[in-house]
Amino acid sequence: KPLPGKAHRPLKPSASRAPGIKSNVDALKFLSKFGYNECGGSGSVQSKDTGPLCQSSFQTMLEHFQTVFHLPVTGKLDDKTLNLMNKPRCSLGDYPMG
Amino acid sequence: YSAFRPWPNTTLKWKLNNQIPTFGREKTRIHLQEAFDDWARYAPLKFREAVGDEQAEFSISFNEGNHDDGFPFDGAGGTLAHAFFPKDGKVHFDSAEEWTDKYDGFGYNFRLVASHEIGHALGLAHSYDQTALMYPFYQLMQPKDLLPKDDRDGIRALYGNNEDNQPTTFASTTAKPLATTTTTTTRKKKTTAKGGKTTKTTTRKPQTTQPQVLAHDRCARYMDVVFGGGPDKWLYTLDYDLVWRYHPDFGHWDTSGIPITDVFQGAEPHMMAGILSPVTKKIYLFKGYRVWRFSSPNSLDSGFPRRLFGTGTPYNPIAALYEKGHIWLLKGGLLFKFHEDKLIYEFDRPPKRISEQFPGVPKNVRTAFTYDGKHYFFTEPDRNVYVFDTKTKRIESDYPKPMTTGWFACQ
């Protein structure tokens, strides 16, 4: 937050702003992009082409993310999880193999 | 930390393709050099900017949105930058971000993000330690706190230790040195064409670091413990209180030893025998009557070290080998079968001699290890090495050989 007395510097007028993560669909894209979809595909959680063995539910992915970042493991897109997902970050995935 | 893959060479060059408009080229270069120094301070790595059309390992650029590497940036906020693991070397920053060189919480400090991305380009993946620079989410840190311990451990796991903790850089003979670069000189007499007069220019070559010589000694020395065969393919050697590693793919040793307690937390100096079980993937270190068990180098299993009991338990075994699902421990020319599950020894009556189990291997074994289906026995005082092939159950035809050339880390 801007320190009292310091004028907040406006963003560069030309810069578009990264879309925030607000919904489950947004969160699913985020989790797939950064390597939390054990099926390896991006965006397709119950994908047929990876066969019946690959059942990685949205809740599992959320719990995985919450576990490794020491958040309460609720399996739900709660405020703390949303808050962390919306923090600026490195765009490399969190698993080198991914 | 998650150490993924190192560069095979440790003298690396970077090329800046464009810069932060508000910084200009010079300021961008200076902060990049600071970011490289963050890593050079804790690992035997040397960095400098490429000159002219010199080939560089790292290619650094600022892009916006799609920039055809399959990882488009997303505008201000969101993702800030990314880099690729060795030996790719590309480092990209989102030019739509509010980059700053201040540490006051406004904007994103370029030096911190650059240091994080260079960590990737050097082979480190993200860390879940929130105090780490390699933590995936941006967090403000003060320069005096760089590098946090987790990142120091990570870069040392990849490149070994940088003894004197000074960032070392090298300058090309033609480069205009950056303000922070130390110039190197060679001690040779040069003639210059000025007016036909000979003027002596004294220059000094960078010191070859002592560990290089030590590395060579590594071949001719006995090490307390040698074991390998893990997924990371490193051959670990323990030499009193230091760990030296050899990687067969890169064909070189660590350029300097890493304190044993930095690699095997909970271990003690002067371990006597060690092995990595290819079945359970556990690492066992033996000393006296005790055994340490690690699930990975830096995680000692709870309850360890443990005291081993039973009559006839060997004190300070000199080596551990792996064959057909069990561990042999060697002591006094005899073999003791160690059971991983029960953590006890079983020995035959009469005890089995080394030469019975491994025909052709003499009694005077000083140390030994198993790697990739072969046992390497080092003997004294003749300082020879015997390589025993566990498939053919024979000593390989052209062995024994002198230690200095006869084991794979020195061929």
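Protein sequences, first through last, are from chains A and B.
Residue 67 in this note's numbering sits at position 62 of the first sequence; the count goes up by one each step and never skips.
Residue 447 in this note's numbering sits at position 310 of the second sequence; the count goes up by one each step and never skips.
Just so you know, even glycine gets a beta-carbon here, dropped at the ideal spot from N, CA and C.
Would you say the beta carbon of residue i comes nearer than 8 Å to a heavy atom of the ligand FMN?
i	result
residue 80 of chain A	For the structure depicted, the ligand FMN is absent and the ligand set is empty, with no information on it obtainable.
Please work out which residues of its chain come closer than 6 Å, Cβ to Cβ, to residue i, disregarding the five sequence neighbours upstream and downstream, and give them in chain order.
i	result
residue 220 of chain B	228, 254, 257 and 258
residue 350 of chain B	Unreliable placement is indicated for residue 350 of chain B, whose pLDDT of 37 sits below 50; no coordinate value is reported for it.
residue 165 of chain B	156 and 157
residue 187 of chain B	150, 152 and 193
residue 72 of chain A	78
residue 233 of chain B	201, 212 and 213
residue 489 of chain B	472
residue 495 of chain B	525
residue 90 of chain A	26 and 35
residue 504 of chain B	359, 455, 456 and 515
residue 294 of chain B	140
residue 552 of chain B	The question about residue 552 of chain B has no answer here: the residues shown for chain B are numbered 138 through 548.
residue 56 of chain A	Bear in mind that a pLDDT of 46 at residue 56 of chain A, under 50, signals an unreliable position, so the number given afterwards is only what the model happens to contain. None.
Give me, in chain order, the residues of the same chain whose beta-carbon lies closer than 8 Å to that of residue i; leave out the 5 immediate sequence neighbours on both sides.
i	result
residue 412 of chain B	364, 420, 421, 457, 458, 459, 464, 506 and 507
residue 24 of chain A	31
residue 522 of chain B	513, 514, 515, 516, 536, 537, 538, 539, 540, 543 and 544
residue 87 of chain A	26, 27 and 32
residue 437 of chain B	401, 402, 403, 404, 429, 430 and 431
residue 279 of chain B	240
residue 468 of chain B	451, 452, 453, 454 and 455
Just curious, the alpha helix (DSSP H) that residue i is in, first and last residue?
i	result
residue 196 of chain B	Residue 196 of chain B -> not in any alpha helix (DSSP H); beta strand (DSSP E) instead, spanning 195 to 200.
residue 363 of chain B	First-last for residue 363 of chain B: 362 to 364, but that is the beta strand (DSSP E), not the alpha helix (DSSP H).
residue 293 of chain B	286 to 296
residue 63 of chain A	63 to 73
residue 250 of chain B	247 to 258
residue 32 of chain A	29 to 38
Our contact map puts residue i next to residue j with C-beta atoms below 8 Å; I'd like the distance itself, whole angstroms only.
i	j	result
residue 153 of chain B	residue 182 of chain B	Their Cβ separation, rounded to whole angstroms, is 18 Å, which puts residue 153 of chain B and residue 182 of chain B out of contact at 8 Å.
residue 235 of chain B	residue 244 of chain B	4 Å
residue 525 of chain B	residue 538 of chain B	13 Å between Cβ atoms; not a contact.
residue 410 of chain B	residue 481 of chain B	Between residue 481 of chain B and residue 410 of chain B the Cβ distance is about 16 Å, and since that is not below 8 Å, they are no contact.
residue 466 of chain B	residue 423 of chain B	7 Å
residue 222 of chain B	residue 260 of chain B	6 Å
residue 264 of chain B	residue 282 of chain B	Not really, about 15 Å apart at Cβ, beyond 8 Å.
residue 168 of chain B	residue 251 of chain B	7 Å
residue 372 of chain B	residue 394 of chain B	Wrong, their Cβ atoms sit about 14 Å apart, outside the cutoff.
residue 368 of chain B	residue 400 of chain B	Not really, about 16 Å apart at Cβ, beyond 8 Å.
residue 140 of chain B	residue 356 of chain B	Going by Cβ atoms, the distance from residue 140 of chain B to residue 356 of chain B rounds to 25 Å, so no, they are not a contact pair.
residue 40 of chain A	residue 99 of chain A	5 Å
residue 415 of chain B	residue 447 of chain B	At roughly 25 Å, the Cβ-Cβ gap does not stay under 8 Å, so residue 415 of chain B and residue 447 of chain B are not in contact.
What residues in its chain sit with their C-beta under 7 Å from that of residue i, if we drop five residues either side in the sequence?
i	result
residue 426 of chain B	444, 445, 450 and 452
residue 171 of chain B	248
residue 296 of chain B	143, 147, 180, 181 and 182
residue 289 of chain B	179
residue 175 of chain B	252, 283 and 284
residue 551 of chain B	With chain B represented from 138 up to 548, any question about residue 551 of chain B goes unanswered, as that position is not in the structure.
residue 500 of chain B	470, 491 and 492
residue 556 of chain B	Given that chain B is displayed from residue 138 to residue 548, the structure contains no residue 556 of chain B and the question cannot be resolved.
residue 442 of chain B	427, 428 and 429
residue 292 of chain B	176, 179, 180, 259 and 261
residue 528 of chain B	510
residue 370 of chain B	384, 385 and 386
So the beta strand (DSSP E) residue i belongs to, where does it begin and stop?
i	result
residue 183 of chain B	183 to 186
residue 84 of chain A	Careful: residue 84 of chain A lies outside any beta strand (DSSP E), inside the alpha helix (DSSP H) at 84 to 90.
residue 464 of chain B	463 to 468
residue 231 of chain B	227 to 231
residue 542 of chain B	It is not in any beta strand (DSSP E) - residue 542 of chain B instead sits in the alpha helix (DSSP H) that spans 540 to 543.
residue 217 of chain B	216 to 220
residue 460 of chain B	456 to 460
Which chain C residues sit within Cβ distance under 8 Å of residue i?
i	result
residue 89 of chain A	Looking at the structure shown, chain C is missing, and the protein chains on hand are A and B.
Handout entry: Ranges of the beta strand (DSSP E) found wholly within the stretch 472 to 538 of chain B, counting only runs of at least 3
Key = Taken in chain order, the complete beta strand (DSSP E) segments of 3 or more residues contained in the stretch 472 to 538 of chain B are 481 to 483, 502 to 508, 511 to 516 and 521 to 526.
Handout entry: Given 8 Å, three or more beta-carbon pairs between the stretch 516 to 535 of chain B and the stretch 477 to 492 of chain B
Key = No: fewer than three Cβ pairs fall under 8 Å.
Exercise for the section: Give a yes or no on contact between the stretch 58 to 78 of chain A and the stretch 32 to 39 of chain A, applying the rule of three or more CB pairs nearer than 8 Å. Expected result: With contact defined as three or more Cβ pairs closer than 8 Å, the stretch 58 to 78 of chain A and the stretch 32 to 39 of chain A are in contact.
Exercise for the section: Count the C-beta pairs between the stretch 71 to 85 of chain A and the stretch 192 to 211 of chain B that are closer than 8 Å, then say yes if the count reaches three, no if not. Expected result: Touching, no, given that fewer than three Cβ pairs across the two stretches are closer than 8 Å.
Problem - In chain order, each alpha helix (DSSP H) run of at least 4 residues that lies wholly inside the stretch 354 to 441 of chain B - result: 397 to 400
Exercise for the section: Evaluate contact between the stretch 85 to 97 of chain A and the stretch 267 to 276 of chain B, counting only Cβ atoms and requiring at least three cross-stretch pairs below 8 Å. Expected result: Because the criterion of three Cβ pairs below 8 Å is met, the stretch 85 to 97 of chain A and the stretch 267 to 276 of chain B touch.
Handout entry: Segment contact, 8 Å Cβ cut-off, at least three pairs: the stretch 399 to 408 of chain B with the stretch 361 to 380 of chain B
Key = yes
Exercise for the section: Just list the beta strand (DSSP E) runs in the stretch 149 to 188 of chain B, keeping only unbroken ones of 3 residues or longer that don't cross its boundaries, in chain order. Expected result: 183 to 186
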